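Engineer: Sequential numbering of the sequence shown, starting at 37, is according to my numbering.
For every residue, glycine included, the Cβ atom is placed at its ideal position computed from N, Cα and C.
From a predicted model like this one, the values you see are computed outputs, not experimental measurements.
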Amino acid sequence: MKLPICVMLAAGILGSACAAPLQSIELFTPGKDRARLLFHRRDNSLIRSVPATGAGISVNRADAPEAAYFDCQANPAREVPEFTKANFRGKVFLPPDQPVSSFNLRLADADGEVFQFRAALPKGDGKWHEIVFPVDASRPEAGRWGGGEKADGKLTMPVKFRGVTGDFGAAAGTFGIGRVVCDVLDSNAPVAPELLTGSGSPIHVLKAGEEEELTLRLRNPRSRRLSGVLKWSLAGVRGEPLGEAAERISLEPGREKRLVLPRPAVFGVYKLNVELTDDDPAVRPYRKEMRFAYLIPAGPTPERNDGFVFGVCSHPQRHGIEEQRKEAMAAGWCGAKALREDIEWFRVQPAEGRWEFGSFDRVVETFGEYGVEVMPIFAYCTGWARAKEWKPLKPEFFHRERPDYGHWRKFVGTFAARYRDKVRYAEVWNEPDLYMFANFPENEYVRMLETAYDELKRVAPAWQVLCGGFACLPGQSGKAGNPAVIPAVIRSGKYDIFAFHGHGLFGGYRSQIERLPSYGNRKPWFANETAVSSMVHGEEVQAQTLFRKLIYSWAKGAVGYNWYDLRNDGFDPANNEHNFGMLTKDFYPKPVYAAYNALANLYRGGKFLREVRLGKDLHGYWFRGRDGGLLLAAWSDTGDERILPLAVAGITGRAETVDLYGNAKPLPVENGAATFEIGSEPATLRVTGQAGEIKVAGALVRPVGEPEIAPGGEAVFEFELYNPERKARDYRVRLAPPPGISLETKPETFRLAPGETRRIGFPVRAEAGFRSLPGKQKELTLFLGARSFRYRIGSVTRIPGKGYRPEPDFMLDAAGQVHVLVPNSPETARLFWKGPRDLSAKVWLGRDGDTLLLKAEVADDRHAQPHSGEEVWKGDNIQFALVLPGQKGNWELGLTRLESGKSEVHVWHAPQTFRPEAAAAKIALETSRDEKAGLTGYEARIPFAAVGLTEAVGRTGFRFNLLVNDNDGFGRESFIALAPGLGESKDPGRYPVVKF
């Protein structure tokens, strides 16, 4: 009988070792996964620690002759599938002069208990061997330590693979460590149903035409019967329920069952919630939200992207070849033509004179199969190449060392020579303006850039060289960044393309791109890594942000756009860095994936034509598609859900609207005119067969200002109607207010002459308890014939005549009110808003005779205010604004609790004839801090005379806005605002109205 070629070192386990596993998973592969090799004395003191590199890790006893054992630590530790029994298999090379007497597996469980499994080794024979460690989770035969009071000698799931170790013997040869694999033999983990989507199953994409393939498969991999209840429910692209079912399941070992799911009707991402309850009480219920994207794939296509570049960022070298293939498939199918990826110097050149290109070769080949070219980043410094004279510029940050210039030149030139004909774009470092990526002065980075540029032009002159993509403009990164880098790089001019990132929502990105030319760059620019995480603002906003930023970048002259990231970096919903992906970590598409695919289908290969001026907070950009058709990309930045019907004239071809996810709908055209509706969700007007120019004439209907009303008060909600046609037209109009507002006006019909604009009004009355505040505003609906449009209503807040109301007048606690200011990086991930306990506020307004009262209770996990006077906005404090009718200018004031505990009032801006210092001196402020509860209190008494407030003005009404700045010791990281127009830009017209 011929046995498998392996070294069995535990008695009585041979049958289990050779049984077919339920699941096999690679835990560690040298050359792919990161690890460190540590040499220890017998007393456990550390002798040396070095990176563990190469396709087979060499452990040379001569590197630490006094060492008693070595420890090869996986970095990070890898989670093991749940098991009751498993075999762990590790490859080792045993030289004739075998230096290692025993080889050990190290696992850590959920309680922090560490288990070390030992295997004695035979004499060396100059060959690779496979060592098998049989592990029973309930009775592990291993040494153990740690876990404290929870330590019970059992492996508590989940378990992590920490690494392997070895005890040295007397010989001095070179021992080799290879791949480590876990075979799960038995498990109480629930059986996981599989979502099948036809040819797109690996990435859960359902291709149009393969709808019949959409099924849920349940396979029994166990050696015993599987019985229980399987439930599922399917939600559509907009969250609408599409179906649900519950079915009793009974499957013999090796058998499977497939359930047919409802067929999707529109393109986008669908969510499937699945629950399997096993009859065996030892098996916990299985619950998972699965997703699939239904679409027409925009790729892969064989041609290179010679126009505007559609790209993505990812880190495929950190994963095995199967995951790399899935990533390449996901990128190619959604229409990406470029992949931005770190070269990772330590992989390519693990030691001076030693070159290993296999890892990067695989990436170039694998993505190339899907028509995706690789854009390499020359980064980061490997340990042996560090400049001897280097010292961290900011020791408190992660140390990205500066390389020796000679080693750097050799690395750049050798890499370029190998990939000369396979690469067109190369980037010199990543985010050199952040200390965590470049912990050295700007002049040293400029020298690196100049060295790389000269070497690349010598070796690969056709390559386009990008400077390191900058995280943000100078002054945006606080303590995290070096503001001198961008000006220094632009002065050097040693780049072909200026690379810029600017992560975050569209508003902040737009303001940076508007200011970018002022720094003097005259070369093409590339938005080569920019996105927003879905952690704070959600997945729908993430998808909308992609459309806005890509289209806007293109319109402002960018040569390309790379979304970061192709796939989530992890599963933690509260970790900003884990939620940038277009797909989840386990390859389920997010809405942004469908949006990217739709953009690539419509716009890739096209040409930007011109910007259309649509009005305040509205964006419109004309493109010509690769098929010759006209494309108008448009959206609203009003901050609400209002829909604006744009009148479009001069259409001679076929018109249709295309939504964010690629769903096309014919647009009725009459006498060359049509109505194109735009809102906060971007959309495209597509016209084919057009002859002549199309004119965007204006809004068919729009509100005159924001509808506002006081509780118990009366108002007239006004709208403007516009007839864009060349003949008179009748418009039937009806208003439907929300509960709490009454309206007696019946539907009316208005006849408008050609080109006429007419203002119409609707008298309304609000109940005494009506409230519609920022973040929780109610909506009214305007019906224009068969069409309907929604508009938010602002309720005027009444200030009590004496003291405060029991309940807050305003709440600042919603994700939409948060504005993140720090750059996106692993170093700053902890600073992103994680909910109201992280930062929120309750705000009250009141009065005491001729004094305006303002009180706020701020929830903030840490109070930090290192500033005073003009710069208190950089620390924890309150900024608020008053706009009083009749004054020339507006008030902007600050309320601060200083580090010393003292209270301070500061006035940044005051209307004409008022002195800021005099006004600040008249305002009384008391503050408090409860560290245990994480609450900061502010209470200000503002004499009317100090700010020019009068009884008459108070009864008429005035505008008020407030924001809370947050600083957790790193710098101003974010703020939360009552309403827009105070922190990100100045727009007093968007402030809420308050009155006595």
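Identify, in the order they occur along the chain, each residue of the same chain with its Cβ nearer than 6 Å to the Cβ of N341, setting aside the five sequence neighbours on each side.
Structural biologist: Locating residue 341 in the sequence shown gives position 305, where the first residue counts as 1. Around N341: K373.
Engineer: Hey, would you say S223 sits closer than 7 Å to T120, going by beta carbons?
Structural biologist: Here residue 223 refers to the residue found at position 187 when the sequence shown is read from its first residue. Here residue 120 refers to the residue found at position 84 when the sequence shown is read from its first residue. Cβ distance < 7 Å, so S223 and T120 count as in contact.
Engineer: Closer than 7 Å by C-beta to V919: which residues in its own chain qualify, once you throw out the five before and the five after it? Chain order, please.
Structural biologist: The residue given as residue 919 occupies position 883 in the sequence shown. Closer than 7 Å at the Cβ level, and outside the excluded window around V919, lie N926, F994, R995, P1024 and Y1027.
Engineer: If you drop the 5 nearest sequence neighbours on each side, which residues of the same chain put their C-beta closer than 7 Å to that of G514?
Structural biologist: Along the sequence shown, one-based indexing puts residue 514 at 478. The residues are V858, F1006, G1007 and R1008.
Engineer: Per DSSP, what are the beta-bridge partners of A462 in this structure?
Structural biologist: Position 426 of the sequence shown, counted from the first residue, corresponds to residue 462. Its beta-bridge partners are V501.
Engineer: Extract the residue ranges of the beta strand (DSSP E) inside the stretch 216-271, only unbroken runs of 3 or more that lie entirely within it.
Structural biologist: Whole beta strand (DSSP E) segments, 3+ residues: 230-233, 241-243, 250-255 and 262-271.
Engineer: Taking contact to mean at least 3 C-beta pairs separated by less than 8 Å, is the stretch 669-689 in contact with the stretch 718-728?
Structural biologist: Because the criterion of three Cβ pairs below 8 Å is met, the stretch 669-689 and the stretch 718-728 touch.
Engineer: Is it the case that the stretch 738-746 contacts the stretch 820-840, given that we only count it when at least three CB pairs across the two stretches are under 8 Å?
Structural biologist: Result yes; three or more Cβ-Cβ pairs closer than 8 Å.
Engineer: I need the straight-line Cα distance from A802 to S778, nearest angstrom please.
Structural biologist: Within the sequence shown, numbered from 1, the residue matching residue 802 stands at position 766. Within the sequence shown, numbered from 1, the residue matching residue 778 stands at position 742. Distance between the alpha carbons of A802 and S778: 6 Å.
Engineer: Between F825 and L696, which are expected to be in contact by the criterion C-beta below 8 Å, what is the C-beta distance as a whole number of angstroms?
Structural biologist: Residue numbering aside, residue 825 sits at position 789 when the sequence shown is read from its first letter. Residue numbering aside, residue 696 sits at position 660 when the sequence shown is read from its first letter. The Cβ separation is near 19 Å, so there is no contact.
Engineer: How about F129 and G199: are their beta carbons less than 7 Å apart?
Structural biologist: By one-based count along the sequence shown, residue 129 stands at place 93. By one-based count along the sequence shown, residue 199 stands at place 163. Contact flag unset, no.
Engineer: Given this structure, state the Cα-to-Cα distance separating V319 from D147, to the nearest angstrom.
Structural biologist: By 1-based counting over the sequence shown, the position of residue 319 is 283. By 1-based counting over the sequence shown, the position of residue 147 is 111. The straight-line gap from Cα to Cα measures roughly 20 Å.
Engineer: Could you give the distance in angstroms between the alpha-carbon of L266 and the alpha-carbon of Y306?
Structural biologist: Mapped onto the sequence shown, residue 266 falls at position 230. Mapped onto the sequence shown, residue 306 falls at position 270. Taking the straight line from one Cα to the other gives about 19 Å.
Engineer: Let me know the beta strand (DSSP E) ranges lying completely inside the stretch 902-933, each 3 residues or longer, listed in chain order.
Structural biologist: Listed in chain order, they are 913-919 and 927-933.
Engineer: Would you decide whether V195 is buried or exposed? Buried here means 16 or more other CB atoms lie within 10 Å of its CB.
Structural biologist: For the purposes of this step, residue 195 is identified with residue 159 of the sequence shown, where counting begins at 1. V195 should be labelled buried.
Engineer: Check F753 in the structure and name its three-state DSSP category.
Structural biologist: Translated into positions along the sequence shown, residue 753 becomes position 717. Strand at F753.
Engineer: What would DSSP say about L50, mapped onto helix, strand or coil?
Structural biologist: The sequence position of residue 50 within the sequence shown is 14, counting from 1. For L50, the predicted model reports a pLDDT of 29, less than 50, meaning its position is unreliable and no value from the coordinates is stated.
Engineer: Quick one, which of F644, D966 and K910 has its alpha-carbon nearest D897's?
Structural biologist: As a working note, residue 897 is residue 861 in the sequence shown. Of the candidates F644, D966 and K910, the one whose C-alpha sits nearest the C-alpha of D897 is D966.
Engineer: Determine the direct distance from the alpha carbon of F644 to that of E230, and round the result to whole angstroms.
Structural biologist: To locate residue 230, count along the sequence shown from 1; it is residue 194. To locate residue 644, count along the sequence shown from 1; it is residue 608. About 43 Å.
Engineer: So the beta strand (DSSP E) F414 belongs to, where does it begin and stop?
Structural biologist: Within the sequence shown, residue 414 is the residue found at index 378, counting from 1. It spans E409 to F414 - the beta strand (DSSP E) in which F414 sits, taken as one unbroken run.
Engineer: When the distance is taken between beta carbons, is V217 closer than 7 Å to E62?
Structural biologist: Taking the first residue of the sequence shown as position 1, residue 62 is located at position 26. Taking the first residue of the sequence shown as position 1, residue 217 is located at position 181. In this structure, V217 lies closer than 7 Å to E62 by Cβ.
Engineer: Let me know if G347 comes out buried or exposed under the rule of 16 or more other beta-carbons within 10 Å of its beta-carbon.
Structural biologist: Taking the first residue of the sequence shown as position 1, residue 347 is located at position 311. Burial call: buried.
Engineer: What do you reckon, are the CB atoms on V908 and G937 nearer than 7 Å?
Structural biologist: Looking up residue 908 in the sequence shown gives position 872. Looking up residue 937 in the sequence shown gives position 901. Cβ atoms of V908 and G937: not closer than 7 Å.
Engineer: Out of L934, Q853 and E565, point me to the one whose CA is closest to F1011's CA.
Structural biologist: Here residue 1011 corresponds to residue number 975 of the sequence shown, with the count starting at 1. Taking only the C-alpha atoms, the option nearest F1011 is Q853.
Engineer: Quick check on A772: buried or exposed, where buried means 16 or more other Cβ atoms within 10 Å of its Cβ?
Structural biologist: On the sequence shown, residue 772 is found 736 positions in, with the first residue counted as 1. So A772 ends up on the exposed side.
Engineer: Which ranges does the beta strand (DSSP E) cover as unbroken runs of at least 3 residues, wholly within the stretch 163-193, from first to last along the chain?
Structural biologist: Runs of the beta strand (DSSP E) inside the stretch 163-193: 163-172 and 179-182.
Engineer: Taking just the CA atoms, how far does P170 sit from G48?
Structural biologist: The count along the sequence shown starts at 1 and reaches residue 48 at position 12. The count along the sequence shown starts at 1 and reaches residue 170 at position 134. With a pLDDT of only 27 at G48, under 50, the local geometry of the prediction cannot be trusted, and the value read off the model is given with reservation. G48 and P170: Cα-Cα distance of roughly 10 Å.
Engineer: Of the choices G734, A71 and A636, whose alpha-carbon is the least far from that of T793?
Structural biologist: Numbered from its first residue, the sequence shown carries residue 793 at position 757. Closest option to T793, Cα to Cα, is G734.
Engineer: From the DSSP secondary-structure annotation, give me the bridge partner or partners of E975.
Structural biologist: Taking the first residue of the sequence shown as 1, we reach residue 975 at position 939. According to DSSP, E975 bridges with K891 and E962.
Engineer: Return the residue from the list Y639, T781 and N997 that minimises the CA-CA distance to V694.
Structural biologist: Working through the sequence shown from its first residue, we reach residue 694 at position 658. When each option's Cα is compared against that of V694, the closest is Y639.
Engineer: Applying the 10 Å Cβ sphere with the 16-neighbour rule, what's the burial state of P1034?
Structural biologist: One cannot answer for residue 1034 here, as it falls past the ends of the chain, which runs 37 to 1032.
Engineer: Among G922, S138, F868 and T932, whose alpha-carbon lies nearest the alpha-carbon of S904?
Structural biologist: The count along the sequence shown starts at 1 and reaches residue 904 at position 868. The option with the nearest alpha carbon to S904 is T932.
Engineer: Please name the residue in Y545, Y416, G245 and F139 whose C-alpha comes closest to that of S1021.
Structural biologist: Residue mapping note: residue 1021 aligns to position 985 of the sequence shown, counting from 1. Nearest of Y545, Y416, G245 and F139 to S1021, Cα basis: Y545.
Engineer: Would you mind listing the beta strand (DSSP E) stretches within the stretch 619-653 that are 3+ residues and don't spill past its ends, in chain order?
Structural biologist: 643-648, all fully within the stretch 619-653.
Engineer: Return the Cβ separation of L191 and L252 in integer angstroms, given the expectation that the two are a contact with Cβ distance under 8 Å.
Structural biologist: Your numbering for residue 191 matches position 155 in the sequence shown. Your numbering for residue 252 matches position 216 in the sequence shown. Going by Cβ atoms, the distance from L191 to L252 rounds to 32 Å, so no, they are not a contact pair.
Engineer: Please say whether A636 and A334 have beta carbons closer to each other than 7 Å?
Structural biologist: For this step, residue 334 is matched to residue 298 along the sequence shown. For this step, residue 636 is matched to residue 600 along the sequence shown. A contact, by the Cβ cut-off of 7 Å.
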